[in-house]
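Novice: Sending over a structure as structure tokens; questions will come in a sec.
Numbering (the numbering used here), first residue to last: 65 to 427.
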């Protein structure tokens, strides 16, 4: 994929290199070393910028090599000329490869990718079979979380009447959690013969997944005066458990009327944190939707900002087939996927999103 302009890219890379040297200097400053928060941020910036700067140095060396080989081709010695031609062919291929690598490194990162999350699975249409499928998803994701060595805390479980779960709410912490799981949000559809089906007919059921990045108070630019908090008593599954304290929390953002509530935990403090994360995401989504409608001509990423109310994936058990509808990905290895092998699907979605971002950069 050709770049818009090599000079434009080099200008951008030189600016990044200047920023890298500035960050490098700041890291050696005693005032930064004594400020833990500043030091962590500069260290993170240094690590990210170094990847780009290292690739830039390789790229400059290749450009210098191409220039040198181009001069050698003018040599009258036939043997030297052939060597120069071979070197030039190799260097041009490397140049193209490095341009693709650099272009990917220059794709804007989602600042929320490194955040921990609230992860929710809820049974949808399909009655008992939907609850059983929600339980299958919970098992699938749990195995993936374990492979990633992430820390998982169960905030709420609501069991189905015939197995599985009507609702599962988890807090997931680790490296790049939101970045890997954000594409899982949406409706997951299953097609199979339920264990309760006597005539062998294939049924279609669904479960929904929500992935909510956890934000710190300092990141939330919402005035406290614009919030109204209501607390209430929350009952558990089927009325089996009733809180004796007012642990349920409802937050209302007065300027927009956006409301979020949580009864997932028995802790009012934890419910408030969950509620605030939900509210913050809903306000952000509303702002993004407004921006998208104002810039309707700009292409929108189906992966990153598609309608989460529509089905994103189908799990067809009779055919051992999984289909991700956003990127037209079909795999005939559902048996492995349902056992937690979802890394390849997530990688394919990341590649698709990066491709969309690169196209947007070229507009």
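In this text, a Cβ means the ideal position worked out from N, Cα and C, and glycines have one as well. Fair warning: this is a prediction, and the values are worked out from it, not measured in the lab.
Where do the N-terminal and C-terminal ends of the beta strand (DSSP E) with residue 200 fall, by residue?
Specialist: Working through the chain shown from its first residue, we reach residue 200 at position 136. No beta strand (DSSP E) holds residue 200; the alpha helix (DSSP H) holding it covers 192-212.
Novice: If distances are taken between C-alpha atoms only, which option among 188, 422 and 414 comes closest to residue 243?
Specialist: If you number the chain shown from 1, residue 243 lands on position 179. Of the listed residues, the one whose Cα sits closest to residue 243 is 414.
Novice: Suppose the cutoff is 7 Å on Cβ atoms and the five residues either side in sequence are ignored; what does the same chain contact list for residue 134 look like?
Specialist: By 1-based counting over the chain shown, the position of residue 134 is 70. The answer, listed in chain order, is 152.
Novice: Could you spell out the range, first to last residue, of the beta strand (DSSP E) harbouring residue 255?
Specialist: In the chain shown, residue 255 corresponds to position 191, counting from 1. It spans 250-256 - the beta strand (DSSP E) in which residue 255 sits, taken as one unbroken run.
Novice: If I'm right that residue 402 touches residue 200 with Cβ under 8 Å, what's the distance once you round it to whole angstroms?
Specialist: The sequence position of residue 402 within the chain shown is 338, counting from 1. The sequence position of residue 200 within the chain shown is 136, counting from 1. Right, their Cβ atoms sit about 6 Å apart.
Novice: Just the C-alpha distance for residue 398 and residue 389, rounded to the nearest angstrom, thanks.
Specialist: For the purposes of this step, residue 398 is taken as the residue at position 334 of the chain shown. For the purposes of this step, residue 389 is taken as the residue at position 325 of the chain shown. Rounded to whole angstroms, residue 398 to residue 389 spans 15 Å at the Cα level.
Novice: Based on DSSP bridge pairs, tell me the residues matched to residue 389.
Specialist: Position 325 of the chain shown, counting from 1, holds the residue named residue 389. Residue 389 pairs with nothing; no bridge assigned.
Novice: Who are the near neighbours of residue 102 in its chain, counting only those whose CB is closer than 7 Å to its CB and skipping five residues on each side?
Specialist: Here residue 102 refers to the residue found at position 38 when the chain shown is read from its first residue. Excluding sequence neighbours, residue 102 sits near 96.
Novice: Write down the C-beta distance between residue 195 and residue 229 rounded to the nearest angstrom, noting that I regard them as a contact closer than 8 Å.
Specialist: Your numbering for residue 195 matches position 131 in the chain shown. Your numbering for residue 229 matches position 165 in the chain shown. Correct: roughly 6 Å between the Cβ atoms.
Novice: Tell me the rounded alpha-carbon separation between residue 268 and residue 129.
Specialist: The count along the chain shown starts at 1 and reaches residue 268 at position 204. The count along the chain shown starts at 1 and reaches residue 129 at position 65. When rounded, the distance between both Cα atoms is 60 Å.
Novice: Does the distance from the CB of residue 186 to the CB of residue 232 come in under 9 Å?
Specialist: For the purposes of this step, residue 186 is identified with residue 122 of the chain shown, where counting begins at 1. For the purposes of this step, residue 232 is identified with residue 168 of the chain shown, where counting begins at 1. Cβ atoms of residue 186 and residue 232: closer than 9 Å.
Novice: Using C-beta distances below 8 Å, list every residue in its chain close to residue 341, excluding the 5 sequence neighbours before and after it, in chain order.
Specialist: Taking the first residue of the chain shown as 1, we reach residue 341 at position 277. Here the set comprises 182, 276, 277, 278 and 279.
Novice: For a test of the three-state rule: what should DSSP assign to residue 296, helix, strand or coil?
Specialist: For the purposes of this step, residue 296 is taken as residue 232 along the chain shown, with counting starting at 1. Here residue 296 sits in strand by DSSP.
Novice: Alpha carbon to alpha carbon, what distance is there between residue 255 and residue 381?
Specialist: Within the chain shown, residue 381 is the residue found at index 317, counting from 1. Within the chain shown, residue 255 is the residue found at index 191, counting from 1. About 6 Å.
Novice: Using a Cβ-Cβ cutoff of less than 7 Å, which residues in the same chain neighbour residue 225 once the five nearest sequence positions on both sides are dropped?
Specialist: Locating residue 225 in the chain shown gives position 161, counting from the first residue. Correct list, in chain order: 192.
Novice: Quick check on the burial criterion: 16 or more other C-beta atoms within 10 angstroms. Buried or exposed for residue 248?
Specialist: Taking the chain shown and counting its residues from 1, the one referred to as residue 248 is at position 184. Answer is buried; the Cβ neighbour count reaches 16.
Novice: What residues in its chain sit with their C-beta under 6 Å from that of residue 345, if we drop five residues either side in the sequence?
Specialist: The residue given as residue 345 occupies position 281 in the chain shown. Contacts found: 276.
Novice: If we ignore side chains and look at the alpha-carbon of each, how far apart do residue 239 and residue 318 end up?
Specialist: For the purposes of this step, residue 239 is taken as residue 175 along the chain shown, with counting starting at 1. For the purposes of this step, residue 318 is taken as residue 254 along the chain shown, with counting starting at 1. Between residue 239 and residue 318, the C-alpha separation is close to 34 Å.
Novice: Straight-line CA distance for residue 395 to residue 406?
Specialist: Walking along the chain shown from the start, residue 395 turns up at place 331. Walking along the chain shown from the start, residue 406 turns up at place 342. Computed Cα separation, rounded: 11 Å.
Novice: Quick one: residues in its chain with C-beta nearer than 6 Å to the C-beta of residue 329, no 5 flanking neighbours on either side, listed in chain order?
Specialist: Position 265 of the chain shown, counted from the first residue, corresponds to residue 329. 219 and 335.
Novice: Measuring alpha carbon to alpha carbon, tell me which residue in 258, 119 and 343 is nearest residue 292.
Specialist: Here the question's residue 292 lines up with position 228 in the chain shown. Closest by alpha carbon: 343.
Novice: Just to confirm, are residue 237 and residue 214 a CB contact at a threshold of 9 Å?
Specialist: Translated into the one-based positions of the chain shown, residue 237 becomes position 173. Translated into the one-based positions of the chain shown, residue 214 becomes position 150. Contact flag set, yes.
Novice: How would you write the range of the alpha helix (DSSP H) that residue 132 sits in, first residue to last?
Specialist: Your numbering for residue 132 matches position 68 in the chain shown. 100-136 is the extent of the alpha helix (DSSP H) around residue 132.
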